[in-house]
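Protein chains in written order, with my numbering: chain H, 1 to 32; chain G, 1001 to 1085; chain R, 2001 to 2108. Glycine residues also receive a C-beta, built at the ideal position from the N, C-alpha and C atoms.
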Amino acid sequence: TLKDDVNALLDNARLESQESTSFIKATKVLMK
Amino acid sequence: SDLEQLCSYVNEKIENIKKTLSIRNLGQDPALKTTLSKIGDEIITVNELLNKFELEIQYQEQTNSSLKELCASLEEEFKDVDHLN
Amino acid sequence: MEDEFQKADSDLDYLQYRLEYEIKTNHPHSAGEKNAVAILKELSAIKSRYQALCARFKAVSVEQKETKSCICAILNKTMTMIRELQKQTNLELTLLTEEEKAVTEQLK
């Protein structure tokens, strides 16, 4: 179960990173 | 809370002793040996996953700093617009 | 009371030591095999590493959400004020481009 928990958390962390990257891009478009 | 800390400290030691007791008959029980060896392999796998997870967290901490910089420069821009207003 | 706790603590340590010594002596691990006691220790080490990383990740996530909502709030009030300014100065309202509309929706 520890392995499954870490896998789930890793997927969650990667998803959050993608969201943040697109958030920063969107913000920079509006700043222009 | 000191007493609670003391209790969890002692409980953790007791838990460790119980775990070590569970492998005491390692020799008599070959299945136990196999299980233990599998756990050993899983530990390597989980450690590799934790390494990836730690890298992801470091990346997120860097992203946080960029978001904070963005927030600060936006605040400056708002002040300019407010001043214009 | 304190002496009793001290004694219990050292008794537990001695118990742990004797058990590990007995396992290592009675079941020496052959080459390539893993030392049973070491595996147990690694198991608890990996659990505490996991808990530490979870706590770190949680803190990062909370901080990230706060900064993002702060950015959205500033963007909103800036864009509102720019529209006000354009009205006051009779400048024609520059419409948002498709891209700007899309990202505005996204940030909402």
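Roughly how many whole angstroms lie between the Cα atoms of Asn-1085 of chain G and Lys-2101 of chain R?
24 Å
Between Ala-13 of chain H and Asn-2090 of chain R, what straight-line distance do the alpha-carbon atoms span, to the nearest angstrom?
47 Å
Does any residue of chain H bring its CB to less than 8 Å from the CB of Lys-2087 of chain R?
no
Express the C-alpha separation of Gln-2086 of chain R and Gln-2119 of chain R in angstroms, rounding to a whole number.
Residue 2119 of chain R is absent from the structure shown; chain R starts at 2001 and stops at 2108.
Using a Cβ-Cβ distance under 8 Å, would Lys-2068 of chain R count as near chain G?
yes
Strictly under 8 Å for the Cβ-Cβ distance: is Thr-1 of chain H near chain G by that measure?
no
List the residues of chain R whose Cβ lies closer than 9 Å to the Cβ of Ala-26 of chain H, in chain order.
Ala-2102, Val-2103, Thr-2104, Gln-2106 and Leu-2107
Could you check if Ser-20 of chain H is buried or exposed, using at least 16 other CB atoms within 10 Å of its CB as the buried criterion?
buried
Report the neighbours of Gln-2064 of chain R on chain H: residues whose CB is nearer than 8 Å to its CB, in chain order.
Glu-16 and Ser-20
Specify the secondary structure class of Arg-1024 of chain G as computed by DSSP and reduced to three states.
coil
Tell me, please, whether the CB atom of Ile-2071 of chain R is closer than 8 Å to any CB atom in chain H?
yes
Do Ala-2036 of chain R and His-2125 of chain R count as a contact pair if the criterion is CB distance below 8 Å?
Limits of chain R in this structure are 2001 at one end and 2108 at the other, which puts residue 2125 of chain R out of reach.
Which residues in chain H have a C-beta closer than 7 Å to the C-beta of Tyr-2050 of chain R? List them in chain order.
Leu-2 and Val-6
Using a C-beta to C-beta distance shorter than 7 Å, which residues of chain H count as neighbours of Val-1046 of chain G?
Leu-2, Lys-3 and Val-6
State the Cα-Cα distance for the pair Glu-1056 of chain G and Leu-1003 of chain G, rounded to the nearest angstrom.
37 Å
Quick one: what does DSSP say His-2027 of chain R is sitting in, helix, strand or coil?
coil
Let's see if you can read the secondary structure: which residues bound the alpha helix (DSSP H) around Leu-2085 of chain R?
2036-2088
Suppose the cutoff is 7 Å on Cβ atoms and the five residues either side in sequence are ignored; what does the same chain contact list for Leu-2015 of chain R look like?
none
So what does DSSP say about Thr-1063 of chain G, is it helix, strand or coil?
helix
Quick one: is Val-1046 of chain G buried, meaning 16 or more other Cβ sit within 10 Å of its Cβ, or exposed?
buried
Using a Cβ-Cβ cutoff of 8 Å, what residues of the region 1044-1077 of chain G are near chain H? List them in chain order.
Thr-1045, Val-1046, Leu-1049, Leu-1050, Lys-1052, Phe-1053, Glu-1056, Ile-1057, Tyr-1059, Gln-1060, Thr-1063, Ser-1066, Leu-1067, Leu-1070, Ser-1073, Leu-1074 and Glu-1077
Less than 8 Å between the beta carbons of Val-29 of chain H and Leu-1050 of chain G, yes or no?
no
When DSSP labels each residue in this structure, what does Met-2001 of chain R get in the three-state scheme?
coil
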